[in-house]
Each structure stands twice: as C-alpha cells, then as structure tokens.
Ligand code: AR6
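In the working numbering, the protein residues as written are 48 to 341.
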C-alpha cells in the first residue's frame with residue numbers, strides 16, 4: 048500500500064435516480080413493446096410508466112431511498128445479493144441486523160444503509176421454492192413485496208428498488224416470481240390513486256440477461272402503454288375480473304403457512320415470534336424498529 052490518498056480508496060459506482068430509466072423511456076426506445084391484444088392484465092395508465100424502472104446491474108450502487116435485500120431468516124448475511132449488500136454496507140449493518148432477532152418468511156424489516164448510497168435497506172425473507180407448496184410460496188413471495196412496500200411507505204421513503212427475490216439460491220422460477228413482483232407493484236399503484244401518491248418510483252433490479260428479458264417480456268402485461276387503450280377495450284371486462292380475484296382469507300393462509308414451516312423444519316429465527324399474518328406484522332415491525340429515524 049503506497050499512501051492513504053483518496054485515490055487508494057476504491058470508490059463504488061453510484062447510480063443516481065435520474066440515471067435509472069423509467070419504463071416510459073424503455074417504451075419510447077422500443078426496448079419494451081406494447082403487449083399483444085388481450086395480453087395486458089391491467090388497463091393502460093401512462094402516469095404509472097414514469098414511476099416504474101427496470102435496471103440491470105448491482106443494486107448496492109443505487110442512490111435511492113430504499114433498496115430491498117433478499118435475506119434469510121437470520122438477517123445475518125449470506126450469499127447472492129445479501130452478501131453483496133453486507134459487503135458493501137460494512138460491519139455496522141451486521142451489528143444493526145443482529146438486533147432485529149431475525150425475520151419470518153414473507154416478512155420484512157428495515158435498517159440503515161451505512162456505506163451504501165441508498166438511505167435504507169429493507170430486508171425481506173423470500174420463500175425457498177417448492178413445487179409441492181407452490182400456492183403457499185406464491186403467497187409468501189407476494190407478501191415479501193407487499194411488506195417491503197408497506198415499510199417504505201410507513202417511513203415516507205419515495206423509492207424502492209427490488210432484486211428478484213427468491214429466484215437465486217432459493218430457486219423460485221423467474222417467470223412466476225416476476226408475475227408476482229409486477230402484480231404487487233401494479234396493485235399498490237392502483238391503491239394509491241392518481242394524486243398524493245406515496246411511492247415515486249419502484250425499480251426492478253435484474254442481474255442476468257435472462258432475468259432482464261423476462262422482465263422486458265412481462266412488464267407490458269402489467270404496465271401497458273396507453274396506445275393500446277382501444278385494442279384493450281374488448282378485453283377489459285375479462286382483464287378486470289382477472290385482476291380482482293377474490294382474496295384467500297388470512298386465516299387460511301396462516302394455517303397453510305404453519306403447515307409449510309413445520310414441513311420445512313427450517314426455522315432459523317432465534318427470536319420468539321410466531322408466524323404472524325400481514326396485519327399483525329405491522330405491529331411487530333413498528334414496535335421493534337421505530338427507534339430508528341428515517
Ligand atoms: N444486485 C442485484 N441483484 C443481484 C445481485 C446484486 N448485487 N447479486 C445477485 N443478484 P439471491 P434468494 C440477483 O440468491 O434467491 C442468500 O444467501 C441474483 O442474480 O441473492 O432470495 C441469502 O442470505 C438473483 O436474480 O437471493 C439467503 O440465504 C437475485 O438477486 C438466500 O441467498 C436473488 O438471488 C436468498 O436467496
């Protein structure tokens with residue numbers, strides 16, 4: 048080592064929000080193509096196209112309000128994106144994570160981001176995929192996205208960047224996982240209405256070319272451009288009924304989740320929490336972490 052000048056300190060690349068292309072841009076440059084007739088699952092809404100991005104690269108480089116970590120139940124680090132986030136954020140992140148007493152599958156907890164350019168990290172625990180429990184796994188993955196968004200909104204964080212949760216080490220099929228990710232974000236935007244919305248940008252971060260092409264092919268189904276309005280009219284009734292399917296009662300989900308947890312026998316959470324339903328989870332999150340400011 049020669050000296051301690053700034054040049055010797057490796058500077059991670061920082062990607063600003065303004066450098067992250069929205070899907071409106073991606074349609075304009077024909078990276079994204081309008082869906083075929085009848086393929087769109089939602090009606091076009093151009094306002095949403097400026098609030099969604101697809102970014103290929105390292106999530107640790109994003110200078111945004113929050114990035115999501117695909118963690119495990121211990122919240123104490125691991126491989127994949129979890130390893131990259133802990134390595135880039137530094138030991139202080141691990142120290143804060145150690146105070147959180149783990150996290151159950153399908154839920155999320157928030158920390159500071161330390162050496163990262165983002166403001167916060169939302170740690171979510173995706174399901175380990177199993178085709179035998181595909182419905183439950185889908186519900187848990189959906190909950191990862193939803194509870195992460197809920198935390199961002201609760202903390203008034205205006206941007207959230209998601210990696211492709213569970214699709215690496217945890218083996219979730221990328222197409223199925225991408226449908227879930229896009230559906231949750233689209234429904235959140237629908238729930239916010241046209242004005243006074245809480246989330247300015249949802250960024251889907253992909254690492255591989257294959258994952259990028261899956262997102263590029265599925266984004267138009269959830270966020271079609273407005274040019275397609277006329278073409279979609281004929282399909283509207285069917286699309287709306289698809290997107291407003293009757294939700295499964297929470298009690299049923301809880302029972303099924305408990306069954307899966309027992310079957311897996313992989314409780315890595317050294318805390319005392321039982322599996323809780325999404326409503327109860329808000330209480331858990333606020334009581335444990337509200338000492339931190341945003
Ligand atoms: N930026 C963005 N995406 C990334 C990055 C990065 N720096 N690195 C990897 N990916 P995975 P999981 C992508 O395995 O399946 C860990 O050990 C990767 O290509 O990180 O939820 C945890 O501790 C893939 O598309 O997460 C858990 O034990 C996606 O991130 C377990 O892995 C998710 O892959 C979680 O497994």
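Glycine included, every Cβ here is placed at the ideal spot set by N, Cα and C. The structure presented is a predicted model; accordingly, all values stated were derived computationally and were not measured.
request  = Please go through the segment 87-129 and give each complete alpha helix (DSSP H) segment of 4 or more residues, from N-terminal end onward.
outcome  = With a minimum length of 4 residues, the continuous alpha helix (DSSP H) runs that stay inside the segment 87-129 are 93-96.
key: N-terminal and C-terminal residue of the beta strand (DSSP E) that residue 148 is part of   = Looking at the DSSP string, residue 148 is not in any beta strand (DSSP E), and its letter there is neither H nor E.
query = Taking DSSP as the reference, what is the three-state secondary structure of residue 62?
reply = strand
Helix, strand or coil at residue 171 according to DSSP, with G and I counted as helix = strand
inquiry  = Distance check for residue 99 and residue 252, CA to CA, integer angstroms please.
reply    = 11 angstroms
query = If you run the structure through DSSP and keep just helix, strand and coil, what is residue 180?
reply = helix
query = Beta-carbon separation of residue 114 and residue 165 under 7 angstroms?
reply = yes
query = Cα separation between residue 408 and residue 159?
reply = The shown model of the chain, from 48 to 341, leaves out residue 408, and the question about it has no answer.
key: Completely contained alpha helix (DSSP H) runs for the segment 203-290, where each covers 4 or more residues   = 221-239, 256-269, 276-280 and 283-290
request  = Compare the C-alpha of residue 70 against each of 60, 85 and 101 and name the closest.
outcome  = 101
inquiry  = Considering just the uninterrupted stretch of the beta strand (DSSP E) at residue 157, what are its terminal residues?
reply    = 155-159
inquiry  = Taking 7 angstroms as the limit between beta carbons, can you name the residues of its chain near residue 155, skipping five residues before and five after?
reply    = 169, 170, 171, 191, 194, 195 and 198
query = Whose C-beta lies closer than 6 angstroms to the C-beta of residue 258 among residues of the same chain, with five residues either side of it excluded?
reply = Closer than 6 angstroms at the Cβ level, and outside the excluded window around residue 258, lie 211 and 221.
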